[in-house]
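Residue numbers (the numbering used here), protein chains in the order written: chain A, 1 to 560; chain B, 561 to 1116.
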């Protein structure tokens, strides 16, 4: 093997280690989506149907969010081998994360063959930086469909580049791009943006493709993605209207109050010039767009609205990545080439799916950004290394050593944040406690006529199905649950809720006085619903579930 | 050509003047800090002492916030000449604003030696035009804002320094430059950090010349040190330095609380790892760098501006949104420059841009448009350069005249529309959208009270809004001799401010109407709408110039 290959292998091992080490327990709990992916995979494995009894679906109803289901199919073999466990659910993402590191290497190498002057080491840097990147590691350590989707996108890009030499690869590329649609809701837009960037960058080559190949690839892609495309018209669009920013114009009252300050009227010239709804949306979109390029997001806090999306008190990149990012931008601007052009376009386009959604910031929907930023950082690394070549030996090595020591220390800080702080600090965000509830209640449930669990959009039912099946309780097996499955739809079009699983477990909106009046039932609720004053007064405490930071989370009590 | 340029330049100055002086005395309403600056100048003229009886201070005690004093001293001739009026207080600020617009033109001419003459002319004119219409610069030019005066001094000092360097560090401009820079330190806190860092950076960038001419530098450095000495001596007084620490980063307890939380999450909270990763240096360091980075956030610069209402205009960024495009173009074309001289000159501007928010980042509340106002200068340079590049690119690439005119017209249209929207927001919405951003209504109140107070024994005035006493002193032109003798300054509150609760017939207190009514017969009670019950004997409703109801006056 060549030296580069050995290095690459080393990087892949590092990537695998960072993604696999303790992945069953950190993050500390399965999210509802992860549990659902796992249970549906188990359902497919044992019955060939999803939890609602639908045979081999492409789109899974799940919580009413209609998940594109490729990830679930990738979980099936792992569940078959490892059983229904956290590891089995997360492994496909772990492996696709490692694969992404390799694909980034291949992509850069193939761009190089476009007779561009990119240093050979560049591809190595890119894969190394991706292998250790906090953002990419984070979403590789959980069943995040977006991570698989990104890996498929990278494969699509790689085969597109190959197709520039041998056109038959165009179909392969098309297959991968189509598969992203089967994996992740947002891929419809994000993959289209990548395709646009590729076509713009390689417009001269694309024009030379044979019509036959283009048509064939298009047909293959469309056929694969057909169920997703059809779903656009059948309403199973996964809460598109709930999430779109365009569903939220500014409140009429606010606008009116603002206009009244100056006796302006809707429809007047000054309204159209200064206060129009278009203007307002444009400001909103631009504001979101800016958020994705803020230091706060990339280097200091990460996704400040969703603690689940990164380790606490860290950004999505290391702080010291700034010293690669800025030179990288300089390199990007100074060098006109296909790769730099592509990276620039992808960087500019990647946040768009996130920008169009209602949230101010969202690290999942903007996940594709990680690749262009990593590529820029690698440009930066090369640029700096080439820049200091002419310095005195001592100065050069001192500077390098200083940077490396700083970088390693910075990485240590991130590892500390991830392994030590995340489980404790963000227990609640990770829905910690439902596994413990499910396991405890399942052990006790036969002693009671009724079990009431506090209903929540954390979808407690799915944890009962997951851990019930894992514990070998037949009533939770898909074959039995499918007959029972019923989702109460949400009127607003958002996710629904399930109200009953197993023999005697009900998920109810919490009305403690009424529940209390029933004798000898098992009840589970958080510490707000079952406050201290009730415990051992009106109810017997069976167990208190405690978050990893030692704050109380839930109480399992028995009414007297 | 020369003549046309002069006409354009002159027109820009007229525009800058108009934008800074139109309704200057009435809009926005005078705030407490401005009143304090004005009244202290008035007090100095009358008595040689400030409002609290300190003679000729370097920092003015005011609300125990110890304001850097140079602005008060520049007010002296204006207050002497125009009397104690809003206009007098704001004139030096507005004039400094216009002068800065002019200076910027000269700075570009002197800084970029290797730029093609024609490009440089367009660039210089655009710079001063963009600064003339800059929301950031106009906002703080329209009022007695020390920061804007300091920015003027920094630009002036910068120009002199550049001139001196161009001529091989000639002594005369160098010393004048030092004097002007030192003056800025006497004007505004942030300048004390920005100016030394800026100057050191410029010297480092020109290090070869710096080393060669160390003698001149040493002489002017010595002059600077001598001049700064009184300031340093005054600043080290505990009362003053503690105030500065009060707005500093360490006054924010958030990072410290986080530190404790982080350590507690370690199994052993006193382990080496817990201490290496979680300590004050790291936590406060991270906050500093994050604060600093937030000054480059698009939302702040191009969409919504500062969060503090007094520093902002509704739905307006610190700059126009379109300037993002210009800055982008500028960055790209600057990074592609091959000429070493031009690179170095842009390095100086970039250095300025990088360090401009450093002082603001050392305080809590970020991004902070006021404390980082000097950022507007390098940003305007970038923006104007991008515009220049765009114009020249169109000139070169587009051959058809109609297309060319259309493109120019389009650019003009976008700028004019952005500008119109800003002016609309400033004059038609700002005071009404943020009725508490300045002390609206107080002038109207004082006028009424002065006309009617002889009929009452006492006047009780709500202290709900910022420092009412100083505005009463200001608008009633109260005799400083009497005031110095009779008043008492309270201790510092949680935010480090003190106030005066009583002078003459006036008592400044929160109005608890049910208690105040029986206790204060034959008094005038001035409260907010929430404080005064509807059934009270309201003799007057006081509205601000923005038609907001601020005070209700009860004859008791």
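Built from N, CA and C at the ideal position, the CB exists for glycine as well. Only a predicted model underlies this, so the values are computations on that prediction, with no experimental measurement involved.
In whole angstroms, what is the alpha-carbon distance linking residue 635 (chain B) and residue 280 (chain A)?
42 Å
Below 7 Å CB to CB, which residues in the same chain sit around residue 116 (chain A) once its five sequence neighbours on both sides are set aside?
Because residue 116 (chain A) sits at a pLDDT of 49, beneath the cut-off of 50, its placement in the model cannot be relied upon, and the following sentence gives the value as read from the coordinates. Closer than 7 Å at the Cβ level, and outside the excluded window around residue 116 (chain A), lie 337, 338 and 339.
Within the same chain, show all residues whose beta-carbon is closer than 6 Å to that of residue 851 (chain B), passing over the 5 residues directly before and after it, in chain order.
921 and 926
Looking at residue 342 (chain A): is its Cβ nearer than 7 Å to the Cβ of residue 197 (chain A)?
yes
Neighbourhood of residue 220 (chain A) by C-beta distance below 8 Å, restricted to the same chain and skipping five residues each side:
171, 174, 175 and 178
Buried or exposed by the 16-neighbour rule on C-beta atoms within 10 Å, applied to residue 1117 (chain B):
What is shown of chain B runs 561 to 1116, which leaves residue 1117 (chain B) out entirely.
Proximal residues of chain A, C-beta to C-beta of residue 858 (chain B) below 9 Å
286, 287, 289, 290, 291, 293 and 294
At a Cβ threshold of 7 Å, is residue 819 (chain B) touching chain A?
no
Relative to the C-alpha of residue 434 (chain A), which residue among A:316, A:462 and A:424 is closest?
A:462
Go to residue 541 (chain A), then tell me how far its alpha helix (DSSP H) extends in each direction, as first and last residue.
Not the alpha helix (DSSP H): residue 541 (chain A) falls in the beta strand (DSSP E), residues 539-546.
Between the CA atoms of residue 961 (chain B) and residue 355 (chain A) - distance to the nearest angstrom:
Approximately 39 Å, taken between the alpha carbons.
Nearest-angstrom Cα separation, counted from residue 85 (chain A) out to residue 38 (chain A)
Taking the straight line from one Cα to the other gives about 8 Å.
What first and last residue would you give for the beta strand (DSSP E) that runs through residue 1083 (chain B)?
1083-1087
Hey, does residue 414 (chain A) have any beta-carbon neighbour from chain B nearer than 7 Å?
no
Give me the Cα-Cα distance between residue 526 (chain A) and residue 454 (chain A), rounded to the nearest whole angstrom.
8 Å
So what's residue 947 (chain B) in DSSP terms, helix, strand or just coil?
helix
Contacts around residue 543 (chain A), its chain only, beta-carbon distance under 8 Å, and the 5 residues preceding and following it disregarded:
So the list reads 440, 555 and 556, once near-sequence residues are dropped.
List the residues that DSSP assigns as beta-bridge partners of residue 808 (chain B).
B:923
Cβ of residue 837 (chain B) less than 7 Å from any chain A Cβ?
yes
Cβ of residue 116 (chain A) less than 7 Å from any chain B Cβ?
Its pLDDT being 49, under 50, residue 116 (chain A) is placed unreliably in this model, and the coordinates cannot settle the point.
So residue 283 (chain A) contacts chain E; which residues on that side make the cut at Cβ distance below 9 Å?
In the displayed structure, chain E is absent; the protein chains listed are A and B.
Along chain A, in chain order, which residues have C-beta atoms closer than 8 Å to that of residue 822 (chain B)?
313 and 421
If you reduce the DSSP assignment to three classes, tell me which class residue 1104 (chain B) lands in.
coil
Residue closest to residue 1027 (chain B), alpha-carbon to alpha-carbon, out of B:1015, B:1000 and B:1085:
B:1000
For residue 621 (chain B), does the three-state DSSP call read helix, strand or coil?
coil
Mind checking if residue 632 (chain B) is an interface residue toward chain A, Cβ cutoff 7 Å exclusive?
False, the Cβ-Cβ gap to chain A never drops below 7 Å.
Per DSSP, what kind of secondary structure is residue 311 (chain A) in: helix, strand or coil?
Three-state DSSP puts residue 311 (chain A) in coil, outside helix and strand.
Does the CB of residue 336 (chain A) have a neighbour CB from chain B at under 7 Å?
no
Just reading off the beta strand (DSSP E) that residue 522 (chain A) is part of, what are its end residues?
522-526
Given residue 71 (chain A), which residues of its chain have a CB within under 7 Å of its CB, disregarding the five upstream and five downstream residues?
37, 92, 143, 145, 148 and 183
Would you kindly work out how many angstroms separate the C-alpha atoms of residue 303 (chain A) and residue 418 (chain A), rounded to a whole number?
15 Å
Any idea which residues DSSP pairs residue 265 (chain A) with across the strands?
Answer is none; residue 265 (chain A) lacks a bridge partner.
Mind the definition here: the segment 909-918 of chain B touches the segment 739-748 of chain B only if three or more C-beta pairs lie below 8 Å; say whether that holds.
no
How many Å lie between residue 969 (chain B) and residue 958 (chain B) at the Cα?
14 Å
Taking the Cβ atom as the reference point for each residue, do residue 47 (chain A) and residue 479 (chain A) lie within a distance shorter than 7 Å?
yes
May I ask you to report which of helix, strand or coil DSSP gives residue 628 (chain B)?
strand
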